[in-house]
Each structure stands twice: as structure tokens, then as C-alpha cells.
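2 protein chains.
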Amino acid sequence: MKIEDIKNIYDKLQEYDDKEICINGWVKSVRASKDFGFIDFTDGTCFKSAQIVFSKLDNFEQIAKLNAGSTIICKGKVKLTPQNKQPFEIVASDISVFCATDSEYPLQKKRHSVEFLREIAYLRPRANLFQAVFRIRSVAAMAIHEYFQGKGYLYVNTPLITTTDCEGSDQMFKVTTLNFNNLLKDKDGNVDMKQDLFGKQAYITGSGQLHGEAFALAFNKIYTFGPTFRTENSNTKTHANEFWMIEPEIAFCDLDGLMDIEEDMLKFIVKYVLEKCKQELEFLNTFVSNGLLDKLNKLLSSNFTRIDHKDVIDILKKADVKWEFEPVYGGDIAKEHEKYITEYFNGPVFVKNWPKDIKAYYMKLNEDGQTVAAVDLEVPGAGELMGGSQREENYDKILKRCKEMNVDTKAIDWYLNLRKFGSCIHSGFGMGFERLVMYLTGVENIRDVIPFPRTPQNCLY
Amino acid sequence: MKIEDIKNIYDKLQEYDDKEICINGWVKSVRASKDFGFIDFTDGTCFKSAQIVFSKLDNFEQIAKLNAGSTIICKGKVKLTPQNKQPFEIVASDISVFCATDSEYPLQKKRHSVEFLREIAYLRPRANLFQAVFRIRSVAAMAIHEYFQGKGYLYVNTPLITTTDCEGSDQMFKVTTLNFNNLLKDKDGNVDMKQDLFGKQAYITGSGQLHGEAFALAFNKIYTFGPTFRTENSNTKTHANEFWMIEPEIAFCDLDGLMDIEEDMLKFIVKYVLEKCKQELEFLNTFVSNGLLDKLNKLLSSNFTRIDHKDVIDILKKADVKWEFEPVYGGDIAKEHEKYITEYFNGPVFVKNWPKDIKAYYMKLNEDGQTVAAVDLEVPGAGELMGGSQREENYDKILKRCKEMNVDTKAIDWYLNLRKFGSCIHSGFGMGFERLVMYLTGVENIRDVIPFPRTPQNCLY
Numbered sequence: 000m001k002i003e004d005i006k007n008i009y010d011k012l013q014e015y016d017d018k019e020i021c022i023n024g025w026v027k028s029v030r031a032s033k034d035f036g037f038i039d040f041t042d043g044t045c046f047k048s049a050q051i052v053f054s055k056l057d058n059f060e061q062i063a064k065l066n067a068g069s070t071i072i073c074k075g076k077v078k079l080t081p082q083n084k085q086p087f088e089i090v091a092s093d094i095s096v097f098c099a100t101d102s103e104y105p106l107q108k109k110r111h112s113v114e115f116l117r118e119i120a121y122l123r124p125r126a127n128l129f130q131a132v133f134r135i136r137s138v139a140a141m142a143i144h145e146y147f148q149g150k151g152y153l154y155v156n157t158p159l160i161t162t163t164d165c166e167g168s169d170q171m172f173k174v175t176t177l178n179f180n181n182l183l184k185d186k187d188g189n190v191d192m193k194q195d196l197f198g199k200q201a202y203i204t205g206s207g208q209l210h211g212e213a214f215a216l217a218f219n220k221i222y223t224f225g226p227t228f229r230t231e232n233s234n235t236k237t238h239a240n241e242f243w244m245i246e247p248e249i250a251f252c253d254l255d256g257l258m259d260i261e262e263d264m265l266k267f268i269v270k271y272v273l274e275k276c277k278q279e280l281e282f283l284n285t286f287v288s289n290g291l292l293d294k295l296n297k298l299l300s301s302n303f304t305r306i307d308h309k310d311v312i313d314i315l316k317k318a319d320v321k322w323e324f325e326p327v328y329g330g331d332i333a334k335e336h337e338k339y340i341t342e343y344f345n346g347p348v349f350v351k352n353w354p355k356d357i358k359a360y361y362m363k364l365n366e367d368g369q370t371v372a373a374v375d376l377e378v379p380g381a382g383e384l385m386g387g388s389q390r391e392e393n394y395d396k397i398l399k400r401c402k403e404m405n406v407d408t409k410a411i412d413w414y415l416n417l418r419k420f421g422s423c424i425h426s427g428f429g430m431g432f433e434r435l436v437m438y439l440t441g442v443e444n445i446r447d448v449i450p451f452p453r454t455p456q457n458c459l460y
Numbered sequence: 000m001k002i003e004d005i006k007n008i009y010d011k012l013q014e015y016d017d018k019e020i021c022i023n024g025w026v027k028s029v030r031a032s033k034d035f036g037f038i039d040f041t042d043g044t045c046f047k048s049a050q051i052v053f054s055k056l057d058n059f060e061q062i063a064k065l066n067a068g069s070t071i072i073c074k075g076k077v078k079l080t081p082q083n084k085q086p087f088e089i090v091a092s093d094i095s096v097f098c099a100t101d102s103e104y105p106l107q108k109k110r111h112s113v114e115f116l117r118e119i120a121y122l123r124p125r126a127n128l129f130q131a132v133f134r135i136r137s138v139a140a141m142a143i144h145e146y147f148q149g150k151g152y153l154y155v156n157t158p159l160i161t162t163t164d165c166e167g168s169d170q171m172f173k174v175t176t177l178n179f180n181n182l183l184k185d186k187d188g189n190v191d192m193k194q195d196l197f198g199k200q201a202y203i204t205g206s207g208q209l210h211g212e213a214f215a216l217a218f219n220k221i222y223t224f225g226p227t228f229r230t231e232n233s234n235t236k237t238h239a240n241e242f243w244m245i246e247p248e249i250a251f252c253d254l255d256g257l258m259d260i261e262e263d264m265l266k267f268i269v270k271y272v273l274e275k276c277k278q279e280l281e282f283l284n285t286f287v288s289n290g291l292l293d294k295l296n297k298l299l300s301s302n303f304t305r306i307d308h309k310d311v312i313d314i315l316k317k318a319d320v321k322w323e324f325e326p327v328y329g330g331d332i333a334k335e336h337e338k339y340i341t342e343y344f345n346g347p348v349f350v351k352n353w354p355k356d357i358k359a360y361y362m363k364l365n366e367d368g369q370t371v372a373a374v375d376l377e378v379p380g381a382g383e384l385m386g387g388s389q390r391e392e393n394y395d396k397i398l399k400r401c402k403e404m405n406v407d408t409k410a411i412d413w414y415l416n417l418r419k420f421g422s423c424i425h426s427g428f429g430m431g432f433e434r435l436v437m438y439l440t441g442v443e444n445i446r447d448v449i450p451f452p453r454t455p456q457n458c459l460y
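Chain order of the listed sequences is A and B. Position 171 (the first sequence) corresponds to 170 in numbering that gives the first Met the number 0; numbering is contiguous. Position 188 (the second sequence) corresponds to 187 in numbering that gives the first Met the number 0; numbering is contiguous.
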């Protein structure tokens, strides 16, 4: 007998009325009296569970005592129950137990702490919180692909293993096939990297931007969507050593055009998730982040403010606030400033034209000679969500910036050559996917939006 | 003035008739007589180029001498030319040069060898071959996401950095933050891995399967789509050290169900690419792989044969062929055998129920005690495209297999626990994305379907 998905029953209720079906899945809980019982049942196909009603079964006693997490195969009939909270129930004619769990099963029917659930990352996807979060993560990923593919962007898989990187190798993990306990030395007494598989020291990447630019200069509009890595030894709620990034790069696009794209993309994603993840968002709005739905709906109709970095500093300096970090014209913007400025403008804020000394060598130097055409998008409740810039397209100017900033030009000569071989105005940005998922779900710890998070001293599973 | 995409003009010819436009892009070639010239022009938005016609321009001499790869900004009027090969041309009123290349530019207007183009991987996406291949790669990626999301699969980002892996750590790259020239030793004289960022030896993964199974047992149907790594020191046309994999895992699905999914998915992808990449496929069919279009169209109507491994060996043994590798009942199937068997059945072939001794510990042992419920899909012209199996869902049986095969059960105790905590029949497969792209494009070397390929001794860019 064909196995039905619970999701299909929810989607096509009328078709299933009075229909004999077979479902396979897991017990969330059982309530039973002497000769009558209910199973809260999930098969994982949708966020909502289904109710199985059972009575005169040969194995009634066994079923009545089933523990959470047990696997069952249930035959029965769908009965629509429009007067109840759940729109249907399944009246069981036969239930067989495929795998019964016992008290050893770590996920009992009670509210577990997120800290405890992190320790059982291989089971926590079964908990409601993670059922909601990881569904939204998956839907948001699809929204991103649909957005860019729909607009003619090419999806590029930039390399993970690399010998050039835009973030600097001190932030990068080394990859190697060498045996640490048997390293050969070269004639200078250093480890002989020629023995390694690639014949030199290789890293796993912190960004696909440089490679993405090469493709934008061939395909016009491209995006990457893949894992990136940082070695940061910091244990905060917003840092992980492995995370996914989306890095679009657009030829013939300046800073204003870039902000248009960032705003349009974010609204598209939020709208998409609001439409496709109603149940998940309602759950999160109730149990995790009050006001989440309001926040997301409000974003759709927000005007994103565009303001220069120096004007932001003006506002911060004038503010009647005792700052932990004093705002500085030549300096970065702290978390407290991000919060203030999104509240001040009551919506998302593009902070643009940053002091050149705190930004990367590849950002386009503005005519003032002091600022670069960089932009960070700050959103209410999440702070910085995207960071981008117009790229310096002039060969001599980027070379000058490299020298000023002690960038090793030899390692990136191919990248610099792009400024000689058909250079053009172009811009791009990066969005941390986990940051986005945190924003969409209201979940505050990055460890809870990654299937198996990697943080310092933590690489379980 | 708004910049138009060439793609839009091709898509909406009538709308553009006689319209004044501005386009930005690159010169592919220029042909000019004394007062009249043609530019073969691309802006990267579509595979086809456009023709710009120019005459009385102030800078006529400059334009007439432009080298391939130069960036221009062109204003002009669209003229439909239904009688010509190309459906329209752009009659230029103004052309300005943004970046002129010279003879130093490596991509001149002639046919370059793929070997040469590999050496300039940052420029080769501009060559026709790679314009076709990387567009198809991008469209095929979208086809995969649409297929699985449309059927309710959850997209899971399994970890790249891991301490457990299903392929065995001898095939895996180590990742580390340690300084090779200053390694601290523990009391046994070995390198003290506690000093590393994760406090132990970590690797980059060769498969997301184990983690994917944990998610399938919570979300029913899941798929991964991300990079994987192998340290194999082999320089063949089909091996790379970094490649992308798709690994679906489906709860309550047996081996027959798995083959249904593999066949359905492959037909979906091929149909999708045939519809969306007509120009690219025609180019490849003409210049790279004669018969490519026939091969793909034929697949859509093929019946995929399903046959046991031992019956394949029977056929091979009976064949009137002098094999380089003699077919053996307990052994693997060589490339020459794959080729023969797809020709024998004149279409794709599922080879199933393999000898247990040459397959992995997690595959379900069949009742005969000798074979496992594994399946490889062999396709004409590409050999093995997918490999999958029903997973052993019985705790005692998988433990027994681990012991027989000397698998370290401690490192995968969480994975084995899935067989105690709500175990169910489940199956999954892996498809190498590059293998698929090679099949779809007819390109024979894996280095030419990866933006920046990584192979032994080769990690440029």
C-alpha cells in the first residue's frame, strides 16, 4: 500500500476525506484511557503533526505505552474534523511498531533547553524549534536561488580550497594531506610544503568574491552560494567557524545600483518565506520571538534609508546616549550604534561611503580620496546583514591601494589583471546566510540555525 | 540612460524595434572597412552575441582598431533584421571605450586549446566553450533545487568540517590552524592536537550522507548540495580533489523506491536543461560532442533497466569480448564493463544487489547474507553517474557489519544510535555534480566543467 505524506493530506483535505491510507512516521506523544487513545504523530513532511485515534486494536496495550520517538506504520481512514482545532484525524485500523524507543531516548515530551539540544545535534531536528528553523532555512535558500536565477544571474561554484583569498590567510584554515608527526623539512629547516598534495600551502576559503569578479566580467551578473570559513577564536552568539555566504557580483553596476539590488532581494526573500512558512513563523512568533511577524511584514513596506557614514556619526554624536564606544568619524560602527541608527530611521539603513582606512583594498576610492564606495546594510533587530562595495576597476589605483595597505600583489596578480583585460565598473556584496536565517526566525544564537555548528573547541558529529 | 541586457533584446525583439538603447559590454571582434564596421559584441547576459554596426563616428579609427576583450559603452538604435542570420543589429550613434586591451590580452580571436585555457582559468569563462558549460552548470543546479524543493525535500547544509566521515579519514584533507613550523608535542611525543582550534584533528568532508540521514529521520525527505573533497592523488579526466555532490536521503523508502527517484530526477534535469539551454547545447553538439542532443533526447524516453550485479557478470562473461579486466562475481565493474552493459541494454542501467565485501558497512544486508541493497546507475557515454543504497536500519546488524569491516564505532556512535531512536527503512544516493555536467555537456575532462579546478599539484587562483 502506498505511503501517504501528512503534508499531502493537509494540502488536499477534501481528496482524502474517508480515504483508507497508510502512513509511516514517528510518535510525538500518546494519550490513552482504558480502550481509547490518541497519538500525536509526525512523518516529518510538514511542520504540523497529525492526530491518530485508536481503539480496538489487538496490540492496544503496546500502542498505548509507546514512547516519544517510536516509529510506527499505521493504516486507517482519514476523517475530516472541521469543528476541531486540527482539520482531520486518522482513525487507525492497524498500527504496527517498527522501532520502539525507551526511556534512554533523549527527546522526551517536555521543553528541553537549547543548550541541551545542541549536545544532541543529530536528534534536535526533531524538536519543534528546529523543525521550524531548518524548514525556513531550506525555503530561504530556495528563495535566493529563485531570485537570482529569475533575474539571469549565473550561479558560480567558486573554489573552497584556494591559495588566494580576499580576507587574508591569517583568518584561514590550512588544508593539508601531510602527516603532522612526520613532516619533512626543506633546506632552510622549514616544513617542505612541496610534499603536500597541491605542492604548496593551501587554505579553505573565507570568500568567493575574487573568483566571483572574474566570472562577473564574463557573465555580467553572477552569484555564489556556498560555505566559507574563518578561524576566529571567538565564542559569541553571532560567530561560527563555518557558515554559508551568498556573494553576488554585478558588472556595469555602481554603488547605487548595488543598494537597489540588496533591497529588492531582501524584500523578495522575506515575502517568499512569509508566504511559504506560515506555520513555522507563527510558532516562532509565539514561542521564540514576539513581534517577529510584525517585523517581517513591516520590512516589506519599509523605505531603506541611504546615508553616508559621516552623517551617521553626526547623528550618533548628537544623540543623547551614553555610548560604550564613542562614535568616531574615521572608525567602525559598534553594535549599539547599529541598533540606534535603525531605530532612529525606524527601518533598514544603508550606511555608505566609509573611511578608506578601515575597509579593504579592492573597494573603489571615492573622489574625495578619503572614503570608499562601500555600503553596509543594517536591519532592525539583527544589525549588519550585508556588506558590499563598488570595486576599484582602475589598475593603477588598485595597485596603489595594495601598496598602501601592504597587500601581497603577487598572490593576486590574476585578480589585478582583471583591471587590464576588459575592466568595467562593477559591484558586489556578501550576505551571511546564517545572519539572514537568524533575522527570519528571530533565533538569537547562530548555533541554533546551523545543522551541525562549528565553533572553537566544538566540532562534534 | 538605462543599460539594456542583450538577453532582453533577444527575448522581446518586437519591443525593441527601432528603440534607442545603451549597452555596456565587451568586443569579441571588429571587422571594419574604410568608413563602415561591425563589432561582434557580448555583455555576458546570454550565450549569443549581438552585432553592432558603426560608421560615421568621431572616433571611427579608434573603434575600428579595438582588440578582443575591450570594454565599450555603446548608444544606438535596435534594427530588426529578420532576413539575416542574427535577428537584429544595433546601429551605433556613439561608442566610447572604457578599457582597451592590447596584444597582451591572452584571449585573441582564434581557437585556443583547452589546455591553454586551463592555465588562464580567470579569463576562460569568456570563451564560447565555457560560456556554454558554465551556463549549463548553473541551470542544472537550479533544476536540482527545483526538483527536490517541488517534491517537499528539505535542503540541508551538512557540515564541511567534520570529525566523522563515511569515506574514511585516509581519504580526507586535514584542516588546522596550527603552525607547521612550530608544533607542540604531547607527552607521548605526538603533535598535541588539543592546541588546534577545535581541540582535535578535524577534516573537510568527503560526504554529507551520515549527517543527511539524521535529518531524513526528522524531515522525511532531504537533500544536500555542496562541496566535497577527496585527497586521491590521481590525475585522470574524471577525478578532482574538490567537487560538488547532491546527496538525497529518503525515509520509508527502499531500494526500488530509490531507483524510481533517481530515474525521475535525471529525466527532470535533462528535460529542464534541454528547454533552457538550447543555444548552448547546439553549440556543444556541433563543436564538442557530436550526438549530444540525440543522447539527451533519447534518455527522456529510455526505460532504465534494473538488473542484479551477478546477472551483469553473467552477461559480461558470455560476451564475445576480450576484457582487459576479467569480470568477477565478487568484484567491481570496470569502465569497459560499464560501457558494454549500457550498450547491451541500449540505455541507462541500474546495477543492484552488489557483493557485500566491496561495499560500505552502512548498506543494508540482503537476506542472502552475501549481497547488499546497493545500486549504481550507469548511463551511456558517462558510466557511473549515481551510487546509492538502502541503509542498514537494524542496530545489531549494522554493529556486526562495522566489526567485520573494522569500522571505528566510537567515532560514529551518534550515527549508529539513529538505529535505536526511531529507526526506519531509508535509502539515499549520491550524484557527483561534475559527472552530471560532463554528461549534459559532452565535455570529457572534469577540469573543464569546474570554475577553478583543484587536482594534485594544481591549486592556482
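Cβ atoms here follow ideal geometry from the backbone N, Cα and C, with glycine treated the same way.
{"Asked": "For A/Ile-94, which residues does DSSP report across the bridge?", "Found": "A/Cys-73"}
{"Asked": "So, is the C-beta of A/Ser-102 closer than 8 Å to a C-beta in chain B?", "Found": "no"}
{"Asked": "Based on Cα-Cα distance, which residue from B/Asn-181, B/Lys-409, B/Lys-277 lies nearest to A/Gly-188?", "Found": "B/Asn-181"}
{"Asked": "Would the beta-carbon of A/Met-264 fall within 8 Å of that of A/Arg-305?", "Found": "no"}
{"Asked": "Give the residues of chain A in contact with B/His-210, contact being defined as C-beta atoms less than 8 Å apart.", "Found": "Tyr-121, Pro-450, Phe-451, Tyr-460"}
{"Asked": "Per DSSP, what are the beta-bridge partners of B/Thr-41 in this structure?", "Found": "B/Trp-25"}
{"Asked": "Does chain B have any CB closer than 8 Å to the CB of A/Thr-70?", "Found": "yes"}
{"Asked": "In terms of alpha-carbon separation, which member of B/Glu-60, B/Lys-275, B/Phe-35, B/Lys-76 lies closest to B/Ala-49?", "Found": "B/Lys-76"}
{"Asked": "Flag B/Leu-398 as yes if its beta-carbon sits less than 8 Å from any beta-carbon of chain A, otherwise no.", "Found": "no"}
{"Asked": "For B/Leu-177 versus B/Gln-194, is the C-beta distance shorter than 8 Å?", "Found": "yes"}
{"Asked": "Using 8 Å as the limit for Cβ to Cβ distance, is A/Glu-118 near chain B?", "Found": "no"}
{"Asked": "For B/Ile-445, which residues from the same chain have a beta carbon less than 6 Å from its beta carbon, with the 5 sequence-adjacent residues on both sides left out?", "Found": "Thr-237, Ala-239, Glu-433"}
{"Asked": "Can you give me the C-alpha to C-alpha distance between A/Glu-88 and A/Phe-282, rounded to a whole angstrom?", "Found": "21 Å"}
{"Asked": "Does any residue of chain A bring its CB to less than 8 Å from the CB of B/Trp-353?", "Found": "no"}
{"Asked": "Can you check which of these residues, B/Lys-6, B/Ile-314, B/Ile-94, is closest to B/Cys-45 by C-alpha distance?", "Found": "B/Lys-6"}
{"Asked": "So is A/Met-244 buried or exposed if we call it buried at 16+ other beta carbons inside 10 Å?", "Found": "buried"}
{"Asked": "Taking three-plus beta-carbon pairs below 8 Å as touching, is the region 409-419 of chain A in contact with the region 384-396 of chain A?", "Found": "yes"}
{"Asked": "Quick check on B/Phe-420 - is its C-beta less than 8 Å from some C-beta in chain A?", "Found": "yes"}
{"Asked": "Rank A/His-336, A/Glu-377, A/Met-404 by C-alpha distance to the C-alpha of A/Lys-358 and give the top, closest one.", "Found": "A/Met-404"}
{"Asked": "Below 7 Å on C-beta distance, what does A/Arg-125 contact in chain B?", "Found": "Ala-217"}
{"Asked": "Any C-beta of chain B sitting closer than 8 Å to the C-beta of A/His-144?", "Found": "yes"}
{"Asked": "If you draw a straight line from the C-alpha of A/Phe-35 to the C-alpha of A/Arg-229, how long is it?", "Found": "56 Å"}
{"Asked": "Where do the N-terminal and C-terminal ends of the alpha helix (DSSP H) with A/Gly-149 fall, by residue?", "Found": "127-149"}
{"Asked": "For B/Gln-170, which of A/Phe-147, A/Lys-186, A/Leu-196, A/Tyr-146 has the nearest alpha-carbon?", "Found": "A/Leu-196"}
{"Asked": "Taking the alpha carbon of B/Ser-233 as the point to measure from, which residue in B/Arg-453, B/Phe-324, B/Ile-2 has its own alpha carbon closest?", "Found": "B/Arg-453"}
{"Asked": "Identify the continuous alpha helix (DSSP H) that holds B/Val-272 and give its terminal residues.", "Found": "254-275"}
{"Asked": "Could you run through the region 40-70 of chain A and flag, in chain order, every residue whose CB is less than 7 Å away from some CB of chain B?", "Found": "Asp-42, Gly-43, Thr-44, Gly-68, Ser-69, Thr-70"}
{"Asked": "Identify the contact partners of A/Phe-197 in chain B, using a Cβ-Cβ distance below 9 Å as the criterion.", "Found": "Asn-240, Arg-453, Thr-454, Pro-455, Gln-456, Asn-457, Cys-458"}
{"Asked": "Going along the chain, which unbroken runs of the beta strand (DSSP E) with 3 or more residues stay wholly within the region 416-446 of chain A?", "Found": "425-431"}
{"Asked": "Apart from the five residues just before and just after B/Asp-253, which ones in its own chain have a Cβ nearer than 7 Å to its Cβ?", "Found": "Gln-389, Ile-424, Ser-426"}
{"Asked": "Per DSSP, which residues does A/Phe-87 bridge with? Please list them.", "Found": "A/Leu-79"}
{"Asked": "Check the Cβ of A/Pro-158 against every Cβ in chain B and list those closer than 9 Å, keeping chain order.", "Found": "Pro-226, Glu-241, Ile-449, Pro-450, Phe-451, Pro-452, Arg-453, Cys-458, Tyr-460"}
{"Asked": "DSSP on B/Arg-30, reduced to helix/strand/coil?", "Found": "strand"}
{"Asked": "Under DSSP, the beta strand (DSSP E) around A/Asp-293 begins and ends at which residues?", "Found": "Not the beta strand (DSSP E): A/Asp-293 falls in the alpha helix (DSSP H), residues 291-300."}
{"Asked": "In terms of residue numbering, what span does the alpha helix (DSSP H) encompassing B/Tyr-9 cover?", "Found": "5-10"}
{"Asked": "Quick one: grab the DSSP three-state call for A/Val-371.", "Found": "strand"}
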